[in-house]
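Reviewing the structure listed below.
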Amino acid sequence: MKHKATRMKKYVTLCAALLSVAVLAGCARTPAENRNTENTASSAAGGNTAETAQAEQESVAFPSFTATDLDGNTVTESIFAEKDLTVLNIWGTFCGPCIGEMPDLGAWAKEMPDNVQIVGLIIDINGEEDTEHRDLAVDITQQAGVGFTNLIANADFAPILKDVIGVPTTLFIDGDGNIVGDPIVGADVNGYKTFVEDYLSGQ
624 MKHKATRMKK YVTLCAALLS VAVLAGCART PAENRNTENT ASSAAGGNTA ETAQAEQESV
684 AFPSFTATDL DGNTVTESIF AEKDLTVLNI WGTFCGPCIG EMPDLGAWAK EMPDNVQIVG
744 LIIDINGEED TEHRDLAVDI TQQAGVGFTN LIANADFAPI LKDVIGVPTT LFIDGDGNIV
804 GDPIVGADVN GYKTFVEDYL SGQ
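Numbering (the numbering used here), first residue to last: 624 to 826.
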């Protein structure tokens, strides 16, 4: 019981830190700012950003986790092994850009190749007793026509979330559970699609 309380305390602290950063940053950088950063990095490296990032980060493993989705199902990191590439969209119910891109994500998920999937990770549902934010997340996803899995973040995701500077942030994970490429910070569905196309064409 003491261990569970300690884990929950760490998770609450993590969420509070993330929320304060996101609010101060206005949720996240804009897609244009994100692309400018990527272009600068590409110019400095003298090559393709997606290819360079993939080469540099292909050995970074996503942490093991056991989480619950919005439907109450238990989900582990084995979800990544089901596809060649997973688009992990980290979002919060407080974030306007996150909610704004949700219909586009829902539509894209239905058009994806069979070897690619989207998974959402909601950062501001504080455990099973937080029905307020859970119900809000359910409403958001239902109204947006989202059919893909949305996970409720817990302490298992701390190694990843500590580096998130705002939401939405989107990561890309291969079938072996490794993070590939750079995160995309800000609502940029076209950017997500471009990364997926480049990644699959490079396989």
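No residue lacks a Cβ here, since even glycine has one placed at the ideal position from N, Cα and C.
Same chain only: Cβ atoms within 8 Å of residue i, ignoring 5 sequence neighbours per side
i, result
"K733", "G770"
"V739", "K706, D707, L708, T709, V710, V819, L823"
Alpha-carbon spacing of residue i relative to residue j, whole angstroms
i, j, result
"I702", "G743", "12 Å"
"G789", "Y822", "24 Å"
"T689", "A781", "13 Å"
"I796", "N777", "19 Å"
"T699", "G814", "27 Å"
"D758", "A684", "31 Å"
Residue environment, residue i, which counts as buried when at least 16 other CB atoms sit within 10 Å
i, result
"P736", "exposed"
"T764", "buried"
"G695", "exposed"
"E724", "buried"
Delimiting residues of the beta strand (DSSP E) encompassing residue i
i, result
"Q829", "Look at the range of the chain in this structure, 624 to 826, and you will see that residue 829 is not part of it."
"L774", "773 to 775"
"A690", "689 to 692"
"V710", "708 to 714"
6 Å Cβ shell around residue i - same chain, five flanking residues per side excluded
i, result
"P686", "P782"
"G649", "Residue confidence is low: G649 scores 46 on pLDDT, short of 50, so the model does not pin down where it sits. No coordinate-derived value is stated."
Span of the alpha helix (DSSP H) around residue i
i, result
"F827", "What the structure shows of the chain is the stretch from 624 to 826, and residue 827 is not part of that stretch, so it cannot be assessed."
Residue from the options whose Cα sits closest to the Cα of residue i
i, options, result
"N773", "D805, V808, D692", "D692"
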